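Working notes, beginning with the structure itself.
2 protein chains.
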Amino acid sequence: MTQWVYKFGSGSTEGNAAMKNLLGGKGANLAEMASLGLPVPPGFTITTDLCTAYYAHDKTYPDDLAAQVKDGLAHIEALTGRTFGDAKNPLLVSVRSGARTSMPGMMDTVLNLGLNDETVEGLAELSGDRRFALESYRRFMAMYCDVVLGIHHHVFEDIVNMHKDSRGHVLDTKMQAGDWESVIEDFNAAISRRLGRDFPQDPQEQLRGAINAVFDSWNNERAIIYRRLNDIPAGWGTAVNVQAMVFGNVGNKSATGVAFTRDPSTGSNRYYGEFLINAQGEDVVAGIRTPQTLTREWREEMGEDLPSMEEAMPDVYAELASVFGKLEDHYRDMQDIEFTVERGKLWLLQTRTGKRTARAALRIAVDMAQSGQITKEEAVSRIDPVSLDRLLHPALDESAERDILTVGLPASPGAATGEVVFTSDEAEKLLKAGHKIILVRVETSPEDIHGMHAAEAIITTRGGMTSHAAVVARGMGTPCVAGAGDIRVDSEAQHFIVAGRMIKKGDIVTVDGASGQVLAGAAQMVQPELSGDFAEIMSWADDIRVLGVRANAETPADVRTARDFGAEGIGLCRTEHMFFEADRLGYFREMILAKDRQCRESALAKILPIQTGDFAAIFRIMEDRPCTIRLLDPPLHEFLPHTEDDIASVAESVGMTAFELIAQAKGLAESNPMLGHRGCRLGISYPEIYEMQARAIFAAQKQVEDETGFMPVAEIMIPLVSSDRELEILKNTIARVADEMGSPTYTVGTMIELPRAALRAADIAKHASFFSFGTNDLTQTTFGLSRDDAGNFLPDYIAQGIMAKDPFATLDQDGVGDLISIALKRGRSTNADIKTGICGEHGGDPASIAFCHAQGLNYVSCSPYRVPAARLAAAQAAIGAALR
Amino acid sequence: MTQWVYKFGSGSTEGNAAMKNLLGGKGANLAEMASLGLPVPPGFTITTDLCTAYYAHDKTYPDDLAAQVKDGLAHIEALTGRTFGDAKNPLLVSVRSGARTSMPGMMDTVLNLGLNDETVEGLAELSGDRRFALESYRRFMAMYCDVVLGIHHHVFEDIVNMHKDSRGHVLDTKMQAGDWESVIEDFNAAISRRLGRDFPQDPQEQLRGAINAVFDSWNNERAIIYRRLNDIPAGWGTAVNVQAMVFGNVGNKSATGVAFTRDPSTGSNRYYGEFLINAQGEDVVAGIRTPQTLTREWREEMGEDLPSMEEAMPDVYAELASVFGKLEDHYRDMQDIEFTVERGKLWLLQTRTGKRTARAALRIAVDMAQSGQITKEEAVSRIDPVSLDRLLHPALDESAERDILTVGLPASPGAATGEVVFTSDEAEKLLKAGHKIILVRVETSPEDIHGMHAAEAIITTRGGMTSHAAVVARGMGTPCVAGAGDIRVDSEAQHFIVAGRMIKKGDIVTVDGASGQVLAGAAQMVQPELSGDFAEIMSWADDIRVLGVRANAETPADVRTARDFGAEGIGLCRTEHMFFEADRLGYFREMILAKDRQCRESALAKILPIQTGDFAAIFRIMEDRPCTIRLLDPPLHEFLPHTEDDIASVAESVGMTAFELIAQAKGLAESNPMLGHRGCRLGISYPEIYEMQARAIFAAQKQVEDETGFMPVAEIMIPLVSSDRELEILKNTIARVADEMGSPTYTVGTMIELPRAALRAADIAKHASFFSFGTNDLTQTTFGLSRDDAGNFLPDYIAQGIMAKDPFATLDQDGVGDLISIALKRGRSTNADIKTGICGEHGGDPASIAFCHAQGLNYVSCSPYRVPAARLAAAQAAIGAALR
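Residue numbers (my numbering), protein chains in the order written: chain A, 1 to 884; chain B, 1 to 884.
See the structure below:
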């Protein structure tokens, strides 16, 4: 006989915390607490196996279930001394779902089950509170009808509201017993009208209906989508928990509350929580009465008048505090506990790992590891890498008032306050005059780099999480809100309008890149703290991880940040970013507009010393750490001017008419620049550009070696390769330059960022010292999806569950990841020792980092501000892999 | 002992035609002819194995080679009665390369080898012509120095020119024996100066040097690139042919000529050729003297005065004619023969399969199959499918005078004459007025469709072989020259300028889409003939092929053409092409600009009956043949107006201001439309569009079934799928419409045109009845290469051997093909019977069709005019596969 029902409660508990797969998270924890001897209302759990069997057998139950449920009820009756369906001394139960992992709000719950026209009178008698009994009954009827009988809860809310209106009441609490009687009468009428039958009076029938409903809710639409988004297999099923009801609202010796075993906000090791006397859990949520503090210490700190639980119910509080200790020791983590006090008796309704702020998480993990409660590996595993980002930037004080203008996408974390400006030139000018600037643009382009550098924060009205503004801002560590579509910018008039308010140039706004909020005026900030707990956790992570962590950076400021954050090298130095600086953009445009190779070479000769200086600056900071330098990648037209003024001045400086310049720019324009004349295709068409860059790299190496004695480690990376021949030709070009420059030490490798490169990796690896997966472009080409244009429909795609996540943020392992696996297998087949890394945006994403670890890559590379998160995620990947 | 040397010549030939791998094509054929008893100058072939051994052993030879070469020379000496290096009676030889397949001009040749200061006097004596002997010597010296000693031939040409100038001669023939003596003196001085040694006088040393040079030339740069482009493995190596020299320039009983065993121009079964008395092969090429005809029949037809060979040398001609019969019988194909007559004695220097026109190829193949010389399979195999294209369109008369303005890309075959116009509206207007129009545009867009339909031919100044103009023109069968970059269009002034000439609106030009030429004025045309030999070959091909052949078509005219050309179904009906017609573009724009779903549905309701009519027209023509209808694919912004006038009128008709319309168009614009909001992404965002299309398909099916009794076979295709979920959602949408429409018969499948779709094929195939490989987009995404933008650098890529061919014309089997294999394997793993086809441009390319056959696809689909070529190529693929 299969055991479908597991009992819990004083003295006869059959499950435990390890049985989550069978009993669900809630059921397993209730059993665990009962086993620990903690006061848990008795009950039983129907297993997830039954859920699976139910669906496998066309929604029917095995014959032996009824007897087991009956036995379970008898168990509850014995422990509570009440009888299910008894008119005098009725047992009431709750019926709740509970899957392996928490799926909050996705499935159904029924409370107060067992009430009917007779037992409600028994409850009134027992509790001495007829109003309470009747209100419990009407709550049960509405909930049951909604969940089990398919009558929408609005029907019942409307009836309640009509009654309240007719009596002039606003709050439910004003309704008297008689009022609820008439409400229940109307409920009964509405139910009969809709179902052609009365509300079920038989508690056994009620229980069967509720169990069915909970199992059915496993496959409601919300649950299905939630599972898809969270990778939860449909085959897991849910358990059903049937548990005796306890009431915190039967007088002043009753109460209900929630508590944390440590402060979830700072992590400090003291109890935290709140409670309400004579109340139910719903009342805490509804916010009708102000809850009281748990401890005296907190009450005093908060300046509250009402007594803390420690003061109001010292005995129960003492019992609760001892439970805290037991639970934290037992679960080895800070717990979030729901409790009810019924007539002075403490009952625990739930315990689970408590949510906490990023700062608190660090503090708790370090404290518990140092006290020996957990290992360093566990401590490292408990920090959400994404949350670190918030710690590295100034943040808005959470308690500060916010005058929110609009909410866009949280594109780059951190917060900043400054004056609104609408052009990059102005941003730069005002910065020099000592102003703090917030740059507001419809969208940004590479020409805005100087303005973005100058700005404290950036707001765009178009573009997604991976738009130009978002990517560049994250790279710089500058807060950014992207795609704030409600903002209408009028650049002529130098203002923007949002939510009916006009913000003019020079007005002060605050940007919160962590939440996507744009606020009017200035707001209070909290500064980051990088030592202490943070430094401790990072050092543990470094000891554990196998993957290297590098940074994507090119400006000396970013390279310095990267090194300070622990980058072990530069994984992607985008040389084109260097060409947008004012002192060289002119020469670079001269090069692009050159009539022939000779003119081009003369322009390149002017860029050479500047570029040499760029590389030397990077090498100086990185010392003997490897630097992967990607040769010029974007299409040339990106560097040409777009505004009329710019065109006129550029035309003059290169000796063309504006008309000729526009014509040439048109000639260079492309329908799909992402798939155009860029990357190594430029190197093939204009070898002199790559020659100049190689020359600059070698010259910088020599210069820094002479200065410092360190030999800079140059890894030259060829972008957008789709065949071995391209790499071979360009490697030869670089070798020729190297020969002329006295044979410096360097390696040549390639980006794998096109599906064809992945497929042809066996050939390409023969010529490459390393592969760096450029997963941004690889995602674009694998999906046939432009990052810049996807904003229009990607939200729809995620909402409909077509994509679980934004594939530009989290690597698509099924598609793009498959190509990476193919590339690694084929590449290693001809070059077993090839070094491999990833340098797309995904290099900073924890799930993607775990994939990189599993694939045996040598390193990940991400923007400087993500380096700490990547170090942590790499350690977690190693821990996770070791556990499997 | 390995045999490195194979002798040939009267009585003792060791090789034959089957030994091409070992002896190269030339050597094997020389041996074959010698074995047939034909008069071939004696010689020997050094094997390709030796070439391989030479490279494997660091460019050294095995010890036993010298003796074998000596034996070979002795063989030639015995048959010629001359002695190598003998001062009185010298043997001269030619040393030529000869690989398995012809690599014309890629490798080196030395003629007249064996001459030195002594033997030249012997040759003078023997020939009785000292001038001839000295000129032969100076030719040998220059050739030998260039090929073997590394002195550029310009050095020797300069010396000859200086001598000619100083004597006032223009032609070499004016130079006397004494003049050549002084030239040779200067040659010797130049050689000593450069090499520090004299020209090698020892014939044995000369021979060793020449053999080395031929082997070395296997790895010269030209040969390497040629091999890469033609997929010839480096390991094959070349053979070396050493053969006695014969001279056609030793008096009036000597001659040299080339002949074909049938007329290579029409294919008619009569000899064709020309010859020159007292001349060498070079003289025929140099064109200094007019060659004479081979037969009297030809001489009379051409109205020539000089006697034919049949008349001038009747005995030798008779011998040659008997050789023709023998060779054609033996090789079972029309032969192209080189011969020399030395003092009345006929020598054959080469025979090979003769090149022929497309028309001649058909004629010869049919004639030979009908006479039983070859099988039908062989006949089918001998026609180049690509050449058929030319036969299906009017063509320029090859003999006509051409006043060439410029040459662009031969984008769509056929020729046409007409008046130049610069806008599509004007083209349409003038067509109605009875004019024949040539449309000239910088590039075309979907808005030009009506002008392209109206035009006899199309010229664009931008874009490649797969630009919009090229693809659409090929689909329509309209001649097109694309990317004629020398043409400067001035639309304002209504003229274009090219090569310094101005062509005004209304001027007559002729477009030759087969060659890419644009001619001034009208030119003589030849009309296509589709019956006779063509029809015969096509019917044989249909019996042989396994692959189905369908067409990409949507207008009734194109669908009719497709059916006439033998299409067995529609493989791709691009429904968006239908929306550009004037009567519906307005409604479609109304739909795009709709403010909400309701407005969109009201616009769609107006399109529904028109779209139903479109589908009904196709179904009526195709009867019970399957029609694959692709739902809307391109991004919506493609349908919006671009010119100011259009914008104003569209804005008015939908009740917007021009400003609002421009703003909305900007909102829809994309950075990379190819990777944007298109394909099934539109179906997900706006299900009502796909619903309308499904409704139209089902309504048309019903209508045509009622009319004809045939049930049209509708295959509904969802474009740009990247995940199974997209297909599942849209299939459900279509099923819902089908339910409403009385459950018509239809299937739903998908394009596989994104790498991710190929990778996820196992999941996708669960929901698909068919996969149609959209290889245009799959090539774009696999390579990360925009078809519209590749024109800038693709020629460079092909020239440098990075790509063997334009991957948009011939499927890239290594990359894109690999993805197709992966998709087929994975798709069939979950849906063994899935129907598979290809509908990109590659569906009409023979090499790509062979790949499709090998992969076991069910059909290929191509533009209507390519259907015959595809039928033929499919048959050849089946024949080729059976032979393997």
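Note that CB positions come from ideal geometry on N, CA and C, so glycine has one too. Quick caveat: nothing in here was measured; it's all calculated off a predicted structure.
Quiz item: V440 of chain B by DSSP, collapsed to three states: which one?
Solution: Mapped onto the second sequence, residue 440 of chain B falls at position 440. DSSP places V440 of chain B in strand when its eight states are reduced to three.
Practice problem: Using only alpha-carbon positions, find the residue among B:I537, B:R563, B:A557 that is nearest to V549 of chain B. | Solution: Locating residue 549 of chain B in the second sequence gives position 549, counting from the first residue. Of the listed residues, the one whose Cα sits closest to V549 of chain B is B:R563.
Quiz item: Can you name the residues that DSSP bridges to K7 of chain A?
Solution: Counted from its first residue, the first sequence places residue 7 of chain A at position 7. In the DSSP output, where bridge partners are listed per residue, K7 of chain A has A:F44.
Practice problem: Output, in chain order, the set of chain B residues within a Cβ distance shorter than 7 Å of R725 of chain A. | Solution: What you label residue 725 of chain A is simply residue 725 of the first sequence in a count that begins at 1. Correct list: G801, I802.
Practice problem: May I have the straight-line CA-CA distance separating E378 of chain A from G267 of chain A, to the nearest angstrom? | Solution: Start at 1 with the first residue of the first sequence, and residue 378 of chain A comes out as number 378. Start at 1 with the first residue of the first sequence, and residue 267 of chain A comes out as number 267. E378 of chain A and G267 of chain A: Cα-Cα distance of roughly 16 Å.
Practice problem: Within 10 angstroms of the Cβ of T2 of chain B, are there 16 or more other Cβ atoms? Answer buried if so, exposed if not. | Solution: In the second sequence, counting from the first residue as 1, residue 2 of chain B sits at position 2. That one is exposed.
Exercise. Please check the pair A122 of chain B and D86 of chain B, which I expect to be a contact at CB under 8 Å, by giving their CB distance rounded to whole angstroms.
Key: In the second sequence, residue 122 of chain B corresponds to position 122, counting from 1. In the second sequence, residue 86 of chain B corresponds to position 86, counting from 1. According to the sequence provided, residue 122 of chain B is Gly. The question's Ala does not apply to it. Confirmed, about 7 Å.
Quiz item: Can a CB atom of chain A be found closer than 9 Å to the CB of M674 of chain B?
Solution: Residue numbering aside, residue 674 of chain B sits at position 674 when the second sequence is read from its first letter. Yes - at least one Cβ of chain A is within 9 Å of the one on M674 of chain B.
Practice problem: Look at the alpha carbon of I544 of chain A and the alpha carbon of V366 of chain A, and state the distance between them as a whole number of angstroms. | Solution: In the first sequence, residue 544 of chain A corresponds to position 544, counting from 1. In the first sequence, residue 366 of chain A corresponds to position 366, counting from 1. Going from the Cα of I544 of chain A to the Cα of V366 of chain A covers about 15 Å.
Exercise. Just tell me which of B:G281, B:T417, B:T256 has its CA closest to the CA of L111 of chain B.
Key: Locating residue 111 of chain B in the second sequence gives position 111, where the first residue counts as 1. Comparing Cα positions, the closest option is B:G281.
Quiz item: Once you ignore the five residues that flank A400 of chain A on each side, which residues in its own chain have a CB closer than 6 Å to its CB?
Solution: Taking the first sequence and counting its residues from 1, one reaches residue 400 of chain A at position 400. Answer for A400 of chain A: A523, Q524, listed in chain order.
Quiz item: Taking just the CA atoms, how far does R131 of chain A sit from R197 of chain A?
Solution: One-based indexing of the first sequence puts residue 197 of chain A at position 197. One-based indexing of the first sequence puts residue 131 of chain A at position 131. Taking the straight line joining both Cα atoms gives about 26 Å.
Exercise. Could you spell out the range, first to last residue, of the alpha helix (DSSP H) harbouring D71 of chain A?
Key: Residue mapping note: residue 71 of chain A aligns to position 71 of the first sequence, counting from 1. Unbroken alpha helix (DSSP H) run through D71 of chain A: 65 to 80.
Exercise. Locate the alpha helix (DSSP H) running through F187 of chain A, then write down its first and last residues.
Key: Position 187 of the first sequence, counting from 1, holds the residue named residue 187 of chain A. Per DSSP, F187 of chain A belongs to the alpha helix (DSSP H) from 177 to 195.
Practice problem: Ignoring anything shorter than 3 residues or poking outside the segment 621 to 703 of chain B, list the beta strand (DSSP E) runs there in chain order. | Solution: 626 to 630
Quiz prompt | Nearest candidate by alpha-carbon position, reference A361 of chain A, set A:T375, A:D384, A:A648, A:L346 | solution = If you number the first sequence from 1, residue 361 of chain A lands on position 361. The candidate whose alpha carbon is nearest that of A361 of chain A is A:D384.
Quiz item: Which parts of the segment 354 to 431 of chain B are runs of the alpha helix (DSSP H), unbroken and 4 residues or longer, counting only runs that do not cross its ends?
Solution: 358 to 370, 376 to 381, 385 to 392
Quiz item: Can you find a C-beta in chain B that's less than 9 Å from the C-beta of D890 of chain A?
Solution: Absent from the model: residue 890 of chain A. The displayed extent of chain A is 1 to 884, so no value can be given.
Quiz item: Can you tell me the Cα-Cα spacing of E887 of chain A and R363 of chain A, whole angstroms?
Solution: There is simply no residue 887 of chain A to check, as chain A begins at 1 and stops at 884 in what is shown.
Quiz item: At a Cβ cut of 8 Å, what residues of the segment 791 to 825 of chain A count as close to chain B, listed as they run along the chain?
Solution: N792, F793, D796, Y797, Q800, G801, I802, M803, D812, D814, G815, V816, D818, L819
Quiz item: How big is the Cα-Cα spacing for R343 of chain A and A244 of chain A?
Solution: By 1-based counting over the first sequence, the position of residue 343 of chain A is 343. By 1-based counting over the first sequence, the position of residue 244 of chain A is 244. So the two alpha carbons sit approximately 15 Å from each other.
Quiz item: Going along the chain, which residues of its own chain have a beta-carbon closer than 6 Å to the beta-carbon of M103 of chain B, five neighbours each way excluded?
Solution: Looking up residue 103 of chain B in the second sequence gives position 103. If we look at M103 of chain B and ignore the five residues flanking it on each side, its Cβ neighbours are Y226.
Practice problem: Tell me whether the beta-carbon of A869 of chain A lies closer than 9 Å to the beta-carbon of G844 of chain A. | Solution: Here residue 869 of chain A refers to the residue found at position 869 of the first sequence. Here residue 844 of chain A refers to the residue found at position 844 of the first sequence. Yes, Cβ-Cβ distance for A869 of chain A and G844 of chain A is below 9 Å.
Quiz prompt | Minimum Cβ-Cβ distance from R343 of chain B to chain A less than 9 Å | solution = Against the second sequence, residue 343 of chain B aligns to sequence position 343. So no, R343 of chain B is outside the interface.
Self-check item: Option nearest D583 of chain A by Cα separation, candidates A:F534, A:Q611, A:V559
Solution: Taking the first residue of the first sequence as 1, we reach residue 583 of chain A at position 583. Per the Cα distances, A:Q611.
Self-check item: Sequence-distant residues of the same chain with beta carbon closer than 7 Å to T781 of chain B, five excluded per side
Solution: By 1-based counting over the second sequence, the position of residue 781 of chain B is 781. Closer than 7 Å at Cβ, skipping near neighbours: L754, P755.
Quiz prompt | Members of the segment 677 to 691 of chain A that neighbour chain B once the beta carbon cut-off is set at 7 Å | solution = H677, R681, I684, S685
Quiz item: Quick one: does D788 of chain B have its CB under 9 Å from some CB of chain A?
Solution: Looking up residue 788 of chain B in the second sequence gives position 788. By this cut-off, D788 of chain B is an interface position.
Practice problem: Output yes if chain A places a C-beta closer than 9 Å to the C-beta of L572 of chain B; else output no. | Solution: Locating residue 572 of chain B in the second sequence gives position 572, counting from the first residue. No, L572 of chain B does not count as interfacial toward chain A.
Quiz item: Of the residues that make up the segment 747 to 761 of chain A, which ones have a beta carbon closer than 9 Å to any beta carbon in chain B?
Solution: E753, L754, P755, R756, A757, A758, L759, R760
Exercise. Mind checking which residues open and close the alpha helix (DSSP H) that includes H163 of chain B?
Key: Numbered from 1 along the second sequence, position 163 holds the residue referred to as residue 163 of chain B. Counting along the chain, the alpha helix (DSSP H) containing H163 of chain B begins and ends at 153 to 167.
Quiz prompt | Partner residues on chain B for I729 of chain A, Cβ-Cβ distance less than 8 Å | solution = Position 729 of the first sequence, counting from 1, holds the residue named residue 729 of chain A. Those are Q800, I802, listed as they occur along chain B.
Quiz item: Out of B:K505, B:Q494, B:V509, which has the shortest C-alpha to C-alpha gap to C480 of chain B?
Solution: Counting from one through the second sequence, the residue named residue 480 of chain B turns up at place 480. The option with the nearest alpha carbon to C480 of chain B is B:V509.
Exercise. Tell whether a beta-carbon distance below 9 Å holds between N858 of chain B and L547 of chain B.
Key: Numbered from its first residue, the second sequence carries residue 858 of chain B at position 858. Numbered from its first residue, the second sequence carries residue 547 of chain B at position 547. The answer is yes: Cβ separation under 9 Å.
Quiz item: Residues of chain B with a CB under 8 Å from the CB of D777 of chain A: which are they?
Solution: For the purposes of this step, residue 777 of chain A is taken as the residue at position 777 of the first sequence. Residues of chain B passing the Cβ test: G784.
Self-check item: Check whether K20 of chain A and R138 of chain A have beta carbons under 9 Å apart
Solution: By one-based count along the first sequence, residue 20 of chain A stands at place 20. By one-based count along the first sequence, residue 138 of chain A stands at place 138. Cβ distance not < 9 Å, so K20 of chain A and R138 of chain A don't count as in contact.
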